[in-house]
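The next block holds one structure in the form of C-alpha cells; read it before the comments.
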Amino acid sequence: MNIAVFASGNGSNFNSILNFFKAHTEVNVSLFVTNKINCGAVEIARKNNVEIFHYSKFAFPGIDIHEYPLRLISFLKEKKISLIALAGYMKIIEPIIVENFRDKILNVHPALLPAFGGKGMYGENVQVAVLESGVKVSGITVHFVNENYDEGEIIFQKSFDVDSYDNVETLSQKVKQFEHEYYPYVIEQVALGNIVNNNGKVFLKNKKHFN
Ligand code: GRF
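Quick note on the working numbering: the sequence shown kicks off at 3 and runs consecutively.
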C-alpha cells in the first residue's frame, strides 16, 4: 500500500519514517506533500527520490482557493494513497480532505494530549507550556486527524519524565527521540489494519504489538 507524508519543517520524522519503511514489503512511502517548498523535508524527499507535491497557492496560480483541496484529493487518489502521516505539517487539513480520508490521517504531537494541544501549540511553544505548567511527565501522542485541531482520537502515547534540569532544548530532544522511535511503528500498525477506529473508540486488534 502507498502512504504519503506531509511536512513543512526539518523533516526529521519524515526521515525516520523513510528509514523504517525502506525495505518494507507491504508499505511504500510514495508521496511527499508540503506547503513549504524550501523546507528541509523537501531535501530529504529529493534525496530519497520520493515524489513531491507542492500544496500551496504558489503552485496553483489563477486557481480558485476552494479548488486547492480538490486538486490535492484527486492527486492522492490518482496515486492510490491509502494513509497520510503528518510530520510537522504546518497547514490546516481542510475538512473536505478529512472527509475523504476519514481515519486515514495520522499526526504526531509533541506532548500528551489533550493537554498542551490546540491553537498555537506547536514547536517550542509546546515545550515552554509544559515547563511552565510544572508537570512531571510529558511525552508524545499519535492521533487520528479530524476536523478539530489536535482533537482526533488518540492512538498511542508514550511518556517520559520531566526532570528538574530539563529546558526547552532537552525536552525537544526527548520528544524527537520518542517520535523517531515510535511514530513509524504506529503508522505501520494502522497501515496493516491492526489499529481500528470504531465510532470514536480506537482499539488495538492485538495489544502485544504495543508492549
Ligand atoms: C515534531 O516534533 C512533531 O511533534 C510536530 O512537528 C515536529 C516536526 O519535527 N508535529 P521534524 O520536522 O520532523 O523534525
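Idealized CB from N, CA, C, for every residue including glycine.
Segment limits, beta strand (DSSP E) that includes residue i
{"i": "Thr143", "result": "Val139 to Phe146"}
{"i": "Thr36", "result": "Asn30 to Thr36"}
{"i": "Val6", "result": "The question names Val, yet the displayed sequence has Ala at residue 6. Taken as a continuous stretch (DSSP letters only), the beta strand (DSSP E) holding Ala6 covers Asn4 to Phe8."}
{"i": "Glu53", "result": "Glu53 to His56"}
{"i": "Val164", "result": "First-last for Val164: undefined, no H or E at that position."}
{"i": "Ile197", "result": "Ile197 to Asn200"}
{"i": "Ala87", "result": "Ile83 to Leu88"}
{"i": "Phe60", "result": "Here Phe60 belongs to no beta strand (DSSP E), and DSSP marks it neither H nor E."}
Span separating the alpha-carbon of residue i from that of residue j
{"i": "Ala61", "j": "Gly154", "result": "29 Å"}
{"i": "Ser76", "j": "Ala113", "result": "33 Å"}
{"i": "Asn148", "j": "Asn21", "result": "27 Å"}
{"i": "Asp219", "j": "Thr27", "result": "Absent from the structure is residue 219, since the part of the chain shown begins at 3 and ends at 213."}
{"i": "Asn208", "j": "Gly195", "result": "10 Å"}
{"i": "Gly13", "j": "Asn201", "result": "32 Å"}
{"i": "Gly119", "j": "Gly125", "result": "11 Å"}
{"i": "Asp1", "j": "Ile46", "result": "Nothing can be reported for residue 1: it is not among the residues displayed for the chain, which extend from 3 to 213."}
{"i": "His111", "j": "Ala89", "result": "9 Å"}
{"i": "Ala131", "j": "Ala9", "result": "23 Å"}
{"i": "His182", "j": "Asn15", "result": "6 Å"}
{"i": "Ile95", "j": "Asp165", "result": "34 Å"}
{"i": "Lys203", "j": "Ala117", "result": "19 Å"}
{"i": "Ile54", "j": "Val44", "result": "8 Å"}
{"i": "Lys79", "j": "Leu133", "result": "42 Å"}
{"i": "Gln214", "j": "Asp168", "result": "Here the chain covers residues 3 to 213 and nothing more, so residue 214 does not appear."}
Selection from the options that minimises the alpha carbon distance to residue i
{"i": "Val144", "options": "Glu126, Asp66 and Lys178", "result": "Lys178"}
{"i": "Tyr91", "options": "Ala47, Asp168, Leu33 and Asn37", "result": "Asn37"}
{"i": "Asn150", "options": "Glu134, Asn109, Ser58 and His182", "result": "Asn109"}
{"i": "Phe158", "options": "Val132, Gly202, Ile197 and Glu134", "result": "Ile197"}
{"i": "Met3", "options": "Ala193, Glu183, Val128 and Phe55", "result": "Ala193"}
{"i": "Val31", "options": "Val52, Arg48, Asn15 and Gly11", "result": "Val52"}
{"i": "Ile19", "options": "Val188, Leu206 and Asn199", "result": "Val188"}
{"i": "Lys49", "options": "Phe103, Ile156, Asn17 and Phe205", "result": "Asn17"}
{"i": "Pro186", "options": "Asn127, Glu80 and Leu85", "result": "Leu85"}
{"i": "Lys93", "options": "Glu190, Lys121, Asn127 and Ala25", "result": "Lys121"}
Own chain partners of residue i with C-beta closer than 8 Å, once the 5 adjacent residues on each side are dropped
{"i": "Arg73", "result": "Phe62 and Ile65"}
{"i": "Phe162", "result": "Val139, Ser140, Gly141, Lys176 and Phe180"}
{"i": "Ile67", "result": "Lys59"}
{"i": "Gly136", "result": "none"}
Contact set for residue i: own chain, Cβ-Cβ below 6 Å, skip 5 residues either direction
{"i": "Ile98", "result": "Pro71"}
{"i": "Gln129", "result": "Val170, Leu173 and Ser174"}
{"i": "Gly42", "result": "Asn12 and Gly13"}
{"i": "Ile39", "result": "His56"}
Interface flag, residue i vs chain C, CB-CB below 7 Å
{"i": "Ile197", "result": "Checking the listed chains, one finds no chain C in this structure; it contains a single protein chain."}
Own chain residues within Cβ distance below 7 Å of residue i, not counting five before or after
{"i": "Lys82", "result": "Asn4"}
{"i": "Val7", "result": "Phe16, Ile19, Val31, Phe34, Ala87 and Ala89"}
{"i": "Leu115", "result": "Thr143, His145, Asp152 and Ile156"}
{"i": "Val100", "result": "Ile107, Val147, Asn148 and Glu149"}
{"i": "Phe205", "result": "Val198"}
{"i": "Gly103", "result": "Sequence check: residue 103 is Phe here, not Gly. The answer, listed in chain order, is Ile86."}
Opening and closing residue of the alpha helix (DSSP H) in which residue i lies
{"i": "His182", "result": "Val170 to Ala193"}
{"i": "Lys106", "result": "Careful: Lys106 lies outside any alpha helix (DSSP H) and carries neither H nor E."}
{"i": "Ile75", "result": "Tyr70 to Glu80"}
{"i": "Asn15", "result": "Ser14 to Phe23"}
{"i": "Ser135", "result": "Glu126 to Ser135"}
{"i": "Lys49", "result": "Gly42 to Lys49"}
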